[in-house]
Amino acid sequence: LAKTTQPISMDSYEGQEVNITCSHNNIATNDYITWYQQFPSQGPRFIIQGYKTKVTNEVASLFIPADRKSSTLSLPRVSLSDTAVYYCLVGDDWNQGGKLIFGQGTELSVKP
Amino acid sequence: NAGVTQTPKFQVLKTGQSMTLQCAQDMNHEYMSWYRQDPGMGLRLIHYSVGAGITDQGEVPNGYNVSRSTTEDFPLRLLSAAPSQTSVYFCASRPTGFADTQYFGPGTRLTVL
Numbered sequence: 001l002a003k004t005t006q007p008i009s010m011d012s013y014e015g016q017e018v019n020i021t022c023s024h025n026n027i028a029t030n031d032y033i034t035w036y037q038q039f040p041s042q043g044p045r046f047i048i049q050g051y052k053t054k055v056t057n058e059v060a061s062l063f064i065p066a067d068r069k070s071s072t073l074s075l076p077r078v079s080l081s082d083t084a085v086y087y088c089l090v091g092d093d094w095n096q097g098g099k100l101i102f103g104q105g106t107e108l109s110v111k112p
Numbered sequence: 001n002a003g004v005t006q007t008p009k010f011q012v013l014k015t016g017q018s019m020t021l022q023c024a025q026d027m028n029h030e031y032m033s034w035y036r037q038d039p040g041m042g043l044r045l046i047h048y049s050v051g052a053g054i055t056d057q058g059e060v061p062n063g064y065n066v067s068r069s070t071t072e073d074f075p076l077r078l079l080s081a082a083p084s085q086t087s088v089y090f091c092a093s094r095p096t097g098f099a100d101t102q103y104f105g106p107g108t109r110l111t112v113l
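Here the protein sequences line up with chains A and B, keeping their order. Counting in this note's numbering, the final residue of the first sequence is number 112, and the numbers go up one at a time with none missing. Counting in this note's numbering, the final residue of the second sequence is number 113, and the numbers go up one at a time with none missing.
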């Protein structure tokens, strides 16, 4: 399983763009990169997933450089409601056999 | 669809007691997992299953048992509760394939005295 490293915490202000970077130096060829968001007292929920280059949806963008050894989750113009823990996961279902490991995550605090 | 349901929502146990946390999903997902989350910490995988009759250990399996007799249900049994098992427990399910997303239940908050 590819190990991931993220900052433990980040602070931001409303209206700013937030970029959270995840390092995954030993990512394998078949691995996907997936980000989840967790609000207090709730289970995590899927935000975005990618394999290479850039992926964008209504919530966030995911930037993956050519070497795929890192990825950056970008949240445009954050609001107070974006305060949450964000998890970066890297893996390939066929090799992991159903095992999905979450790391420590990044605790994002958005201030007014 | 109800999604992933967990019961109970809250539970208080005394040290040494046993109990079963229930988890059910109605999405016909093959993969199901149990996680625990201690205060201020990330999620840690306890046990997981890739289909009925097939289970395997995760990161922190000691003190817990699981079984998967049907696709829908994946109960987690605490054999002899200890204060160190005080945590929030999340059940999750997903279809096969990492490209698909994982759905989480609302969690069970367990306190062991």
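Glycine included, every Cβ here is placed at the ideal spot set by N, Cα and C.
Provide the residue span of the beta strand (DSSP E) that contains residue 51(B), from first to last. 43–51
Are any of the Cβ atoms in chain B nearer than 7 angstroms to that of residue 101(A)? yes
Check whether the Cβ atoms of residue 81(B) and residue 60(B) lie closer than 7 angstroms to each other. no
On a Cα-Cα basis, can you pick out the residue from 100(A), 84(A) and 99(A) that is closest to residue 110(A)? 84(A)
Any beta carbon from chain A within less than 7 angstroms of residue 101(B)'s own beta carbon? yes
For a quick check, are the C-beta atoms of residue 51(B) and residue 30(B) less than 7 angstroms apart? yes
Put residue 85(B) into one of helix, strand or coil per three-state DSSP. helix
Under the DSSP definition of a beta bridge, which residues are partnered with residue 45(A)? 37(A)
Reference residue 38(B); option with closest CA among 82(A), 43(A), 71(A) and 36(A): 43(A)
Would residue 34(A) and residue 23(A) be called neighbours here (beta carbons separated by less than 7 angstroms)? no
Quick one: using the 10 Å Cβ neighbour count with 16 as the cut-off for buried, is residue 39(A) buried or exposed? exposed
Give the list of continuous alpha helix (DSSP H) stretches no shorter than 4 residues that lie fully inside the segment 53–103 of chain A. 93–96
Can you tell me where the beta strand (DSSP E) holding residue 20(A) begins and where it ends? 18–23
Check whether chain A comes within 7 angstroms of residue 43(B), counting only Cβ atoms and requiring the distance to be less than that. yes
Leaving out five residues before and five after residue 9(B) in sequence, what residues of the same chain have Cβ atoms less than 8 angstroms from its Cβ? 106, 107, 108 and 109
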